[in-house]
Each structure stands twice: as C-alpha cells, then as structure tokens.
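Contents: one structure, followed by commentary.
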Amino acid sequence: MKKVMLKTTLSLAVAMASSQLFASGFALNEQSVSGMGTGFAGRSSSADDASTVFGNPAGMARLEGQQITGGVAAIDASTDISDVSGRSRGSNKGDMVPFTAVPFGFYTNKLNDQWAVGFGVYAPFGLVTDYESGFQGAPFGSKSEVKVITFQPTVSYAFNDRVSVGFGPTFNRIAGTLESDLTLNPAAPTTNIKIKGDDTALGFNIGVLVQATDTTRVGLTYHSKVSYKLDGHTEVSGPAATAGALRSNRYDASLKIDTPESYDLSVTQDLTDAWKLYAGATWTRWSRLKDITVKNEGVVGGATGGALAPALIGTIKEDQNWHDTWAYAVGTSYQLTKQVVLRTGLTFDQSPTNNTDRSPRIPTGDRTIFSLGLGYEVMPNMTVDLAYSYLKEEDVKVARSNQLASYNAKYENSANGFGLGMTYRF
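So the sequence shown is residues -23 to -1, 1 to 403, counted in mature numbering (1 follows the signal peptide of the UniProt record, and there is no 0).
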C-alpha cells in the first residue's frame, strides 16, 4: 500500500465565535473594561489605567506610581439559522456559542520621569463554536475551539511631557480543537474527525503617544503578526475508523497559521473639564488567512478506504480567502461627579469573511456595536469599572458543498457583552 500525506484544510473559524463577535475575525477586544465602555474608541490614546500595556504601551508614561488593572468580560451570543437547504440532514438550533468569559490582568510601575515598566496577561485571539449533536452542517464544522494566551513584559520611555514610546515582546501560547462529522453512508453512524494541536511563538507590540495640544492626545499602536506551527494529532472515530478504511484512527498532525498584524490610530479630545471625546480606527491584515491546512502523517488507504481518503481531502478542505478589515469607533465620557464617570461608544466593524468561502465555523458578517460604561472611584486609590455592549450583525449566508454533503443557510447573529474590572493604585 502506498503511504500518502493526507491534507485536510479546516476553517480557522476556530477562533472564538463567542468573542469573535466583538472583534474582526477571531480577534478579541476584551482586554479593558474602561475601553469597552467607549466601544474601544481612543484605545491607543486614552491611557486611563494599566490596560494601556495592551492598548498602547507608550501610555504607561502617563500613569503615576504603580497600578494594577484586572477584570473579566463575558459574552452571551445568540444565532438564528433559517432558510436551510442541502443534501445533509439534521437540526439547526443555532445555539452554538457557549456563554464565555475572557479574563485579563495588567501591572505598571513608573520608575521616574522617563521610564516605566509593566506586564500584561490577556487573550488577543480565541473562538468557541459547539453545535448540537445532529447539526445539519456538521460535515463543515461541528465544533471549533481556539485559545490564545499572551504574556507581555513592557517598557516605555518619555522623551518629554509631550511624546512617549513603548515596546513589549509577547510570548503567545495557542491551543486548538477542530471537529467535523461526516456521514459516509446515510444508513450508517457518522464518522467524527477531531484535530488537536498547540504551539508557542513570539511577537511584539509597539506604540507612540503624542500630546499634540493641551487638549488633544494622539496614539498609534502596532501589534505584530505571530507565526505558529501547531503540533498535535488527528483522531478518526466511527465507521471509517473501524471498517478497515484506515490503518489507524490516530495520526500525528501539524498546522501552520499566522495571527495577523494590526494598526490602531486613535485620538482623545478634552472638550471640557468633564467631557472627553474619543475616536479611533483599526486596520487588521486578515488577508494572511488564505486557508488552513492540517497535515496528517502516515495515512494509508486500505481495501475499503480508498474512498475515504479522497473524501477527507475533498470535503474538509476549506479555503478562507479572508480580506483585510477596518473597524471604526467613536465614544465619549462624562465626569458626572468626582467619583463617577459615564461612558458610551459606537463601533462599526468589518468582517473578513466572504460570501463564497464562509462556513458554519465562523458565519459572521459586518457588525455594529453599541456600548455603555461606568467608572466608580470606590476609594481614592481604587476604581471599579462596569460595561455593557450590544452587538448586531448583518444577516449572512453560508453555502458549502463537497462530495458527501451540502449545506445552505442564513445566519442572524447578535450578542450581549458584560464587563467588570478594577484598578488599584499604590
């Protein structure tokens, strides 16, 4: 028997459908509750608390003493699936995004008038979609889960009271799971294909912050791409793994993927002593994601397996062909009292997917997000932040087909986001 390399390309829609709802593709925005309140407008120019380690490392120069900022953002998403057709059969409940929480933590220390150091732990990318058993579109993705956690030591330098820069290398850990269910024979049970892998890789964030006038502050932040090679395994279970179709039901697997670089440019404008206005634009290079190819070593076709290997090659292969995106946000804050600040924001965020290659793993379109926030100074050195966001996406269509199945549907997505954070200064 001839040994072959089986290539299965799965959608990296694997990046956190629950959180992909609040950022382009599978990027996560939830690294700051104070920023969430303004729709992340002014993210690279506000420098309100220690979360500036991620938003703009140059902003550490504006923070006095030592600060610790931590919190969690939770996302409750819902999906309505309609206008379903295709050769495959099954249910379409649409509740595939579990209630998800995204934690984060940051620390900063201003050493003197020029130097500040800091550290951050956060999730820049991620996804979870988990459809019900018997989902009609399962041949094109029944479960996807990707988690990325980043550790970022950071340093900033202030040239003067107007201009500062910051830099932080990032140490990134990624782990992912992809599942699909194939029905090779309508009268037989389904065959489940599960791919798992992980890797660690390096990147960096860099930023500049300029106090252009006494009332206007401008920030620019660059988050680098990170290149991963996930190593793991592929498991095949069900009729295909037990009927002699394959020699083994477990194979060493590898997957190369780049998370994209992005630029964030934003402005903070003091209108009065109480009012601030924020605006920002973020560009993300999602065009790096042309496809996702999982390479499985040692797959051998057997007497009855000749049809299975081509089926895996022809049915799970999913081109992505994502495009670069822009996100735009405007927001404002009002200092109601000495202890209370109110925030609100509006965000327009493009989706990198297209109508041809969109799959059930990441069935999203362009989105509009409305946000509210509140900051309360519990004590002179402690602030608690609350935030709420409502997201509504444009309706999108999924149209996928292969040798064994086809699936067509309309998806209507929405989500509620909740944030709780605290900053302690000492």
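Just so it is clear, CB atoms sit at the ideal spot from N, CA and C, and this is done for glycine as well.
Host beta strand (DSSP E) of residue i (start-end)
| i | result |
| --- | --- |
| PHE128 | 120 to 135 |
| THR77 | 77 to 87 |
| HIS210 | 203 to 214 |
| GLU354 | 344 to 356 |
| GLU65 | A quick correction: the sequence has Ser, not Glu, at residue 65. Element bounds for SER65: n/a, residue is neither H nor E. |
| GLU156 | 140 to 159 |
| SER23 | No beta strand (DSSP E) contains SER23, which DSSP labels as neither H nor E. |
| VAL74 | It is not in any beta strand (DSSP E) - VAL74 carries neither H nor E in the DSSP assignment. |
| ASN182 | 168 to 188 |
Rounded C-alpha distance that separates residue i from residue j
| i | j | result |
| --- | --- | --- |
| LEU186 | LYS87 | 16 Å |
| PRO146 | VAL94 | 12 Å |
| residue 423 | ARG150 | Outside the modelled stretch of the chain, which goes from -23 to 403, sits residue 423, for which no answer is possible. |
| LEU397 | GLY209 | 35 Å |
| SER68 | PRO357 | 55 Å |
| LEU104 | PRO34 | 26 Å |
| MET(-19) | LYS369 | Bear in mind that the predicted position of MET(-19) carries a pLDDT of just 34, short of 50, making it too unreliable to give a figure here. |
| ALA386 | GLN327 | 21 Å |
| ARG194 | GLY308 | 15 Å |
| ALA115 | MET399 | 41 Å |
| ILE45 | ASN332 | 43 Å |
| VAL213 | SER366 | 40 Å |
| ASP268 | VAL317 | 47 Å |
| ALA392 | ASP53 | 6 Å |
| PRO101 | VAL140 | 27 Å |
| ARG227 | ASN169 | 12 Å |
| ALA29 | GLU122 | Residue 29 is actually Thr in this sequence, not Ala. Going from the Cα of THR29 to the Cα of GLU122 covers about 28 Å. |
| LEU159 | GLU238 | 35 Å |
| THR127 | TRP263 | 19 Å |
| ALA152 | LEU5 | 16 Å |
| PHE112 | TYR384 | 11 Å |
| TRP252 | VAL49 | 27 Å |
| PHE148 | PHE81 | 15 Å |
Residue i in three-state terms, based on DSSP
| i | result |
| --- | --- |
| ALA115 | helix |
| ARG265 | helix |
| ALA251 | coil |
| ARG39 | helix |
| VAL30 | helix |
| GLU238 | coil |
| TYR108 | coil |
| PHE325 | strand |
| HIS300 | coil |
| LYS315 | coil |
| GLY308 | strand |
| GLN380 | coil |
| GLU370 | strand |
| ALA18 | coil |
| GLN246 | strand |
| GLY331 | For clarity, residue 331 is Asn in the given sequence; the question names Gly instead. DSSP places ASN331 in coil when its eight states are reduced to three. |
| ASP90 | coil |
| ILE339 | coil |
| PHE3 | coil |
| THR193 | strand |
Per-residue burial, residue i [other beta carbons within 10 Å of its own, 16 or more giving buried]
| i | result |
| --- | --- |
| ARG335 | buried |
| GLN297 | buried |
| LEU248 | exposed |
| SER62 | exposed |
| PRO166 | exposed |
| LYS206 | exposed |
| residue 404 | Lying before the first or after the last residue shown, residue 404 is absent from the chain, which here runs from -23 to 403. |
| ARG66 | exposed |
| GLU156 | buried |
| GLY42 | exposed |
| GLN8 | buried |
| TRP299 | buried |
| LYS315 | exposed |
| GLN91 | exposed |
Where the alpha helix (DSSP H) containing residue i begins and where it ends
| i | result |
| --- | --- |
| MET13 | 10 to 14 |
beta-carbon residue i near the ligand NAD non-hydrogen atom, thresh 7 Å
| i | result |
| --- | --- |
| THR193 | As far as ligands go, the structure on display features none, and thus does not contain the ligand NAD. |
| query | Quick check: the stretch 228 to 236 against the stretch 162 to 182, are there 3 or more CB pairs under 8 Å? | reply | yes
| request: Indicate whether the contact test is met: 3 or more Cβ pairs, each with one atom in the stretch 326 to 341 and one in the stretch 364 to 381, closer than 8 Å. | output: yes
| field | Stretch pair the stretch 265 to 273 + the stretch 239 to 246: three plus CB contacts closer than 8 Å | value | no
| query | Should the stretch 53 to 62 be called in touch with the stretch 8 to 24, which here means at least 3 C-beta pairs below 8 Å? | reply | Between the stretch 53 to 62 and the stretch 8 to 24, the count of C-beta pairs closer than 8 Å stays below three; the two stretches do not touch.
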